[in-house]
Amino acid sequence: MTLSRRQFVKGASIAGAVAATPFSINRAIAANKELRIYAWAGYITDEMLADFKAKTGINATFTPYGTNDELMNSLRATDGTGFDIIMPTVDRVPGYVDYDLVQPLDVKRVNWSGCLESALSGSDVGGIVNGKRYFAPSDWGTEAIAYHKNDAKISKELSYGDLWLPENAGGVTVRGHSALVGIGLWLEQAGKLPYPLIDSYKNETAMRANFDVILKVAAEHKSSIAQYWSTENEAQGAFRTNGATIGQTWDSTAFKLQMEGEPIAYGAPKEGALAWMEGFVIPKNANNVDSVYEFINWYYTPEAGAMFVKATGYNSTAKGADALLPAETKQFFQDSYSEQDLANLWWWPIQEPWYVALRNEYQDRYLSA
-11 MTLSRRQFVK GASIAGAVAA TPFSINRAIA ANKELRIYAW AGYITDEMLA DFKAKTGINA
49 TFTPYGTNDE LMNSLRATDG TGFDIIMPTV DRVPGYVDYD LVQPLDVKRV NWSGCLESAL
109 SGSDVGGIVN GKRYFAPSDW GTEAIAYHKN DAKISKELSY GDLWLPENAG GVTVRGHSAL
169 VGIGLWLEQA GKLPYPLIDS YKNETAMRAN FDVILKVAAE HKSSIAQYWS TENEAQGAFR
229 TNGATIGQTW DSTAFKLQME GEPIAYGAPK EGALAWMEGF VIPKNANNVD SVYEFINWYY
289 TPEAGAMFVK ATGYNSTAKG ADALLPAETK QFFQDSYSEQ DLANLWWWPI QEPWYVALRN
349 EYQDRYLSA
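No gaps in the numbering here: position 349 of the sequence shown is 337 in our numbering, and each next residue is one more.
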């Protein structure tokens, strides 16, 4: 899946998409039930919940999670019960379908005209399974290189390999499993992997062959690590208090540190920033499906999308949201990505359950090396 910022903004026509009028359900019925939202920490603010209630009359509660694995494990433990709407990354959706934890969307009830067409078409891979759409895209972002402008050493052409320069030893922060992918992209460009990295997601033979090489290199550089992170708060904390000067982090990490006045820059390495898309999915045993569609249609308005971007630093799929953003948010994006960077995004492939299991095995071996 390849999708640039230009394509997002420009959009493309979607065959067969059926628009619905926002807020079209019986609100008296919806208002009698609470909408239970289970989403990434920091994604839903009190401002957003208040605006949603003001626009629809529906009360909503927000429960945060920190990782895709936490979300998956929670749903598997309850067989898809307990929440009405979740926000997984699109590459993980087929796994939820395999485990029978989610239900298809009624596409006629979604106001697709409020969503960037290119985001919708870009989510077909993963978001549509066996001919049914399970996923309404909400946002996208990247994982690339955050670094202290004064204290980190970077090469003229930014690279994942910069993390492991001797000058940065002791000041690196990474997430275990995605650090291995970053190292993989670095090694692939140097011609040091037995298979193309993308083949690691297709079969176990290629995955093990590649990751055996990647793990060896990762272990050799483990002394460079200041702190591992797995959640947004941990990544920010690595820079604030634990001595990190450079890291492979989400764009939001650098954005929020910048907003605090920290001299942190963010850039895409020459191997390609890791790009992801998230969206709205309905668990199998959701108790308030009517209100889910109200929430999705509320989100597909410029005002709601802008609230989301201001809260997270990520890019909303709601049409018109970008026009309402503060100047500093727009400047961060412009400073972080060139047109070439956006054309070179490395979108996370579909991560099927067998791959996730192996990925976690190699991550555990890395962390305990």
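All C-beta atoms in this analysis are idealised placements derived from N, C-alpha and C, irrespective of residue type, glycine included. All values reported here derive from a predicted model rather than from experimental measurement.
Grab me the residues of residue i's own chain with a C-beta within less than 7 Å of its C-beta, minus the 5 sequence neighbours each way, in chain order.
i, result
"Trp152", "His209, Ser212"
"Met195", "Ser188, Tyr343, Leu346"
"Leu86", "Here residue 86 turns out to be Asp, not Leu, going by the sequence shown. Once the five neighbours on either side are set aside, the close Cβ partners of Asp86 are Pro341."
"Lys180", "Val201"
To the nearest angstrom, how far is it from the Cα of residue i to the Cα of residue j?
i, j, result
"Pro76", "Pro125", "10 Å"
"Phe40", "Gly70", "21 Å"
"Ala357", "Arg97", "50 Å"
"Ala178", "Ile202", "12 Å"
"Glu349", "Ala311", "44 Å"
"Asp112", "Phe268", "14 Å"
"Asp79", "His165", "15 Å"
"Val277", "Gly170", "39 Å"
"Trp174", "Gly149", "6 Å"
"Gly110", "Ile116", "11 Å"
"Val280", "Arg24", "9 Å"
"Leu313", "Val297", "8 Å"
"Lys318", "Asp57", "31 Å"
"Leu93", "Pro271", "10 Å"
"Thr9", "Trp336", "Low confidence applies to Thr9: its pLDDT is 40, below 50, so where it sits in the model is not reliable, and the reading given next is rough at best. Roughly 33 Å between the two C-alpha positions."
"Gly102", "Glu250", "35 Å"
"Leu37", "Trp100", "21 Å"
"Trp320", "Ser326", "First, the amino acid is wrong: residue 320 is Phe here, not Trp. Cα to Cα, Phe320 sits roughly 12 Å from Ser326."
"Lys21", "Ile73", "14 Å"
"Gly129", "Trp264", "6 Å"
"Gln91", "Met295", "28 Å"
"Leu355", "Glu248", "30 Å"
"Phe227", "Glu35", "28 Å"
"Tyr84", "Ile252", "36 Å"
"Asp352", "Ala42", "46 Å"
"Ala48", "Glu155", "49 Å"
"Asp127", "Glu266", "5 Å"
"Asn275", "Trp217", "34 Å"
Note the first and the last residue of the continuous alpha helix (DSSP H) segment covering residue i.
i, result
"His165", "164 to 177"
"Ile142", "Careful: Ile142 lies outside any alpha helix (DSSP H) and carries neither H nor E."
"Ala242", "239 to 247"
"Gln339", "Per DSSP, Gln339 belongs to no alpha helix (DSSP H) and is neither H nor E."
"Ile284", "277 to 287"
"Asn221", "220 to 228"
"Ser106", "105 to 110"
"Asn332", "Taken as a continuous stretch (DSSP letters only), Asn332 belongs to no alpha helix (DSSP H), as it is neither H nor E."
"Arg196", "192 to 208"
"Phe320", "315 to 324"
Tell me, to the nearest whole angstrom, how far the beta carbon of residue i is from that of residue j; I am working on the premise that it is less than 8 Å.
i, j, result
"Arg64", "Leu104", "Arg64 to Leu104, Cβ: 32 Å. No contact."
"Thr51", "Thr219", "Between Thr219 and Thr51 the Cβ distance is about 15 Å, and since that is not below 8 Å, they are no contact."
"Asn332", "Ala242", "Not a contact, Cβ separation roughly 18 Å."
"Glu192", "Leu185", "Not confirmed; about 15 Å, so no contact."
"Gly231", "Ala214", "5 Å"
"Trp334", "Leu262", "6 Å"
"Ala157", "Gly235", "Actually they are not in contact, since the Cβ atoms of Ala157 and Gly235 sit about 13 Å apart, beyond 8 Å."
"Gly119", "Pro82", "Their Cβ separation, rounded to whole angstroms, is 13 Å, which puts Gly119 and Pro82 out of contact at 8 Å."
"Ser240", "Tyr287", "Going by Cβ atoms, the distance from Ser240 to Tyr287 rounds to 18 Å, so no, they are not a contact pair."
"Glu131", "Trp238", "5 Å"
"Val95", "Arg121", "6 Å"
"Ala167", "Ala223", "At roughly 12 Å, the Cβ-Cβ gap does not stay under 8 Å, so Ala167 and Ala223 are not in contact."
For residue i, which residues does DSSP report across the bridge?
i, result
"Ile234", "Tyr135, Val160"
"Tyr53", "Trp28"
"Met265", "Trp128"
"Lys120", "Val117"
"Asn303", "Trp128"
"Pro271", "Val90"
"Leu23", "Ala48"
"Gln351", "In the DSSP output, where bridge partners are listed per residue, Gln351 has none listed."
"Gly255", "Ile133"
"Thr77", "Glu266"
Grab me the residues of residue i's own chain with a C-beta within less than 6 Å of its C-beta, minus the 5 sequence neighbours each way, in chain order.
i, result
"Ala299", "Thr33"
"Gly293", "Ser304, Ala306, Ala309"
"Asp323", "none"
"Asn273", "Gly68, Thr69"
"Asp329", "Ala256"
"Thr233", "His136, Asp139, Ala140, Gly159"
From what residue to what residue does the beta strand (DSSP E) around residue i run?
i, result
"Tyr216", "213 to 216"
Between residue i and chain E, is any beta-carbon pair separated by less than 8 Å?
i, result
"Gly301", "No chain E appears in this structure, which consists of one protein chain only."
Excluding five sequence neighbours on each side, which residues of the same chain lie with their C-beta closer than 8 Å to the C-beta of residue i?
i, result
"Glu259", "Ser147, Tyr148, Gly170, Leu173, Trp174, Glu176, Gln177, Trp334"
"Tyr53", "Tyr26, Ala27, Trp28, Ala29, Leu59, Ser62"
"Pro290", "Ala306, Lys307, Gly308, Ala309, Ala311, Leu312"
"Ser198", "Before going on, a small fix: residue 198 reads as Asn here, not Ser. Here the set comprises Gly172, Leu181, Pro182, Tyr183, Leu185, Asp187, Ser188."
"Gln339", "Asp79, Arg80, Gly83, Tyr189, Arg347"
Does any heavy atom of the ligand ZN sit closer than 7 Å to the C-beta of residue i?
i, result
"Leu89", "Inclusion of the ligand ZN in the displayed structure is not the case, the ligand content being empty and no account of it being possible."
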